[in-house]
Amino acid sequence: MSSQCYTRRDFIETIGLGTAAFVVTGGVNASGSRAEKRQRPNIVLIMADDMGYSDIGCYGGEIRTPNLDGLAADGLRFTQFYNTARCCPTRASLMTGLYPHQAGVGHMMEDNGYESYRGDLNNRCVTIAEVLKLAGYSTYMAGKWHVTRFRGPDWPKHNWPRQRGFDRFFGTIHGAGSYYDPCSLTRDNTQVPPGSDDFYYTNAISESAVTFIREHKSDNPFFMYVAFTAPHWPMHALPQDIARYKGQYAGGWDALRAERHKRMIEMGIVDEKWKLTPRDNDVPPWEKAEDKQWFERRMEVYAAMVDCLDQGVGRIVEQLKKSGKFENTLVFFLADNGGCAEEYGSRGPIKPDPSEDIPLKPMDRNALQRDMQPKVTRDGRPVRTGRGVMPGPADTYIAYGKPWANASNTPFRLYKHWVHEGGISTPLIAHWPERITARNELRRQPGHLIDIMATCVDVAGAEYPSEYKGNKIIPMEGRSLVPAFDNKPIKREAIYWEHEGNRAVRQSKWKLVSRHPGRWELYDMEADRTELTNLAQKYPQKVEQLKTLYESWAARCGVQPWPLNKK
Ligand SMILES: [Ca+2]
2 MSSQCYTRRD FIETIGLGTA AFVVTGGVNA SGSRAEKRQR PNIVLIMADD
52 MGYSDIGCYG GEIRTPNLDG LAADGLRFTQ FYNTARCCPT RASLMTGLYP
102 HQAGVGHMME DNGYESYRGD LNNRCVTIAE VLKLAGYSTY MAGKWHVTRF
152 RGPDWPKHNW PRQRGFDRFF GTIHGAGSYY DPCSLTRDNT QVPPGSDDFY
202 YTNAISESAV TFIREHKSDN PFFMYVAFTA PHWPMHALPQ DIARYKGQYA
252 GGWDALRAER HKRMIEMGIV DEKWKLTPRD NDVPPWEKAE DKQWFERRME
302 VYAAMVDCLD QGVGRIVEQL KKSGKFENTL VFFLADNGGC AEEYGSRGPI
352 KPDPSEDIPL KPMDRNALQR DMQPKVTRDG RPVRTGRGVM PGPADTYIAY
402 GKPWANASNT PFRLYKHWVH EGGISTPLIA HWPERITARN ELRRQPGHLI
452 DIMATCVDVA GAEYPSEYKG NKIIPMEGRS LVPAFDNKPI KREAIYWEHE
502 GNRAVRQSKW KLVSRHPGRW ELYDMEADRT ELTNLAQKYP QKVEQLKTLY
552 ESWAARCGVQ PWPLNKK
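Numbering-wise, my numbering comes out as the position in the sequence shown, counting from 1, plus 1.
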């Protein structure tokens with residue numbers, strides 16, 4: 002359990018003393034040691050979208066991420082941190098410290114009639130921003146929200162960031178869109194067009210985050226949530242970033258998986274006794290792949306998108322330094338789900354057919370983009386999908402596809418949507434020079450998104466409310482990661498997952514997992530984290546014990562059988 006070293010009562014008592022007196026004093030922190038006198042930290046929570054476990058440099062990837070690697074070198078990398086395998090549920094869980102079903106986002110952004118599947122944050126949860134605001138924090142958000150089904154410009158805004166605890170917001174309400182012209186682009190409570198010809202969403206998110214830090218003049222600390230959409234499809238990246246990866250992937254996905262796996266072992270990120278999973282059955286050996294140039298280009302653009310995200314992290318770090326806040330800011334970096342095998346826009350012939358002359362009008366500068374996949378660029382060119390479309394520019398809209406997702410999730414199997422390790426394993430970098438004394442160390446304590454709320458409450462000395470705006474609030478599910486900062490264990494019963502009928506429970510070294518509609522599989526994660534040796538037959542009692550735990554959790558959190566029987 003996280004102990005709270007700074008309560009709301011302390012806050013109210015201290016407020017008369019002026020903001021400079023906001024210090025964590027005399028409390029016993031979660032690691033059991035007496036907290037030193039210090040100002041409460043700023044917290045910057047940065048998330049990537051649809052990025053595999055092995056993509057960034059400090060987790061074994063060849064993609065150029067010097068800024069993230071720098072944070073890791075001066076901080077911690079968690080090797081067993083977990084998300085919930087998909088955009089909306091991850092965001093709901095991350096923001097509220099609950100499992101997604103408890104927050105009303107058991108699946109995606111549609112109302113399925115059950116309280117746990119409304120596709121909209123409910124009023125029995127609070128966001129990290131709401132909780133930290135109660136403790137005197139300023140709260141900022143840049144990027145993708147995606148926890149409400151009400152995304153249109155004139156739709157109800159009760160669950161937009163400004164109404165869920167954020168003082169300032171620039172980003173998108175919806176879950177995907179063009180990087181050059183995103184739908185539901187919003188400043189505070191107003192939807193806006195991109196406004197400039199060189200708009201590129203990843204850079205716009207980074208620039209907003211930098212602005213929020215620069216314009217933060219209060220002595221109070223701030224919480225900032227930076228939810229990049231990179232490298233979620235479509236594969237859109239700037240020419241100078243793509244150029245850096247030209248030819249990088251000519252060796253193909255088999256070589257890439259082997260190289261990453263080797264580096265991950267050398268780094269200690271994965272254990273050498275865990276065998277690399279076989280190439281996905283649907284993926285041909287690289288030497289037999291057709292359209293190699295097309296495949297290479299898809300991964301070059303993906304890498305460029307992650308590279309650009311990292312450049313943004315660099316700008317955020319630079320501004321924290323300029324503002325004198327870098328030392329006492331807790332920076333987290335993670336991904337919302339594993340690499341994505343969805344072949345969005347990449348199958349079938351190229352459409353619209355390039356040989357046909359299609360009369361299209363440019364789009365008005367001031368018009369709002371309402372399409373997730375625009376039919377036309379702002380300057381009037383058709384947006385194309387299909388096999389062979391060379392991604393990168395605004396007039397294309399395709400995913401990077403299963404073979405590269407398989408490589409992104411090295412050494413694990415499966416993808417976004419599934420709760421095997423490929424779907425739910427994420428890097429987690431934690432950097433906080435003033436409090437985390439370790440440098441460049443790994444932490445192997447399993448952790449989950451729900452722990453981020455508990456950690457924020459802990460380090461901010463905030464109090465998680467039992468009631469908020471007259472509504473009873475579900476107690477938070479997570480545990481503070483602060484003990485792990487000092488390499489102490491995190492005590493908990495178990496961690497649970499359910500998404501589209503894919504289910505799992507992890508308790509100590511054991512993981513019980515099933516792929517819908519399949520049977521339960523049992524793995525020993527210490528011996529076999531790549532989930533290749535199913536021990537369910539060998540340990541039927543362990544299966545029963547974990548299954549009982551899972552079923553009790555599922556009933557408690559309102560998980561419904563899949564496919565949902567819509568009410
Ligand atoms: Ca995602």
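By construction, the Cβ of each residue, glycine as well, lies at the ideal position given by its N, Cα and C atoms. Note that the structure is predicted; figures quoted are calculated from it, not measured.
For Asp242, the number of other beta carbons within 10 angstroms of its own is at least 16, and it is reported as buried.
Here the stretch 405-423 does not lie against the stretch 208-218, with fewer than 3 beta-carbon pairs under 8 Å apart.
Beta-bridge partners of Ile64 (DSSP): Ile57. Beyond the five residues adjoining it in sequence on each side, Pro353 comes within less than 8 Å, by CB distance, of Ile359, Pro383, Arg385 in the same chain, given in chain order. Contact between Leu186 and Thr173 holds, since their C-beta atoms are separated by about 6 Å, short of 8 Å. Leu46 has Tyr226, Phe333 as its beta-bridge partners, per DSSP.
With respect to Asn84, Leu550 sits apart: the two C-beta atoms are not nearer than 8 Å. The beta carbon of Lys417 sits closer than 7 Å to at least one heavy atom of ligand 1. A Cβ-Cβ separation of about 12 Å leaves Asn43 out of contact with Val318 under the 8 Å criterion. Under DSSP, Asp121 takes part in a beta bridge, and its partners are Thr149. In this structure, His233 has its CB closer than 7 Å to one or more heavy atoms of ligand 1.
Met236 and Glu545 have their alpha carbons spaced roughly 43 Å apart. Counting C-beta atoms within 10 angstroms of its own C-beta, Asp337 has 16 or more neighbours from the protein chains shown and is therefore classed as buried.
Distances from the CB of Asp56 to the heavy atoms of ligand 1 are all 7 Å or more. Relative to ligand 1, Asn410 has its C-beta separated by 7 Å or more from all heavy atoms. Listed in chain order, the alpha helix (DSSP H) runs fully inside the stretch 273-342 are 293-323, counting runs of at least 4 residues. Boundaries of the beta strand (DSSP E) around His432: 426-432.
Thr91 sits buried, since 16 or more C-beta atoms from the chains shown fall within 10 Å of its C-beta. Of all residues, those with a beta-carbon under 5 Å from at least one heavy atom of ligand 1 are Asp50, Asp51, Cys88, Asp337, Asn338, reported in chain order. In the DSSP assignment, Ala259 falls within the unbroken alpha helix (DSSP H) covering 253-268. As computed with DSSP, Asp525 is found in a beta bridge with Trp511. Going by beta carbons, His432 and Val514 fall outside the 8 Å limit.
Membership of Phe486 in any beta strand (DSSP E) is not indicated; the residue belongs instead to the alpha helix (DSSP H) covering 483-486.
For Gln81, there is no enclosing alpha helix (DSSP H); the residue is part of the beta strand (DSSP E) that begins and ends at 77-83. In this structure, Pro447 lies away from Ser179, with their beta-carbon atoms at least 8 Å apart.
In the DSSP annotation of this structure, the continuous segment of the beta strand (DSSP E) that includes Thr187 starts and ends at 186-188.
For Gly393 against Ser347, the beta-carbon gap comes to about 14 Å, at or over 8 Å, which does not count as contact. The beta-bridge partner set that DSSP reports for Tyr469 consists of Asn472. Rounded to the nearest angstrom, the Cβ distance from Glu422 to Arg530 is 6 Å, consistent with a contact under 8 Å. Linking Ala495 to Gln561 through their CA atoms gives a straight-line distance of about 20 Å.
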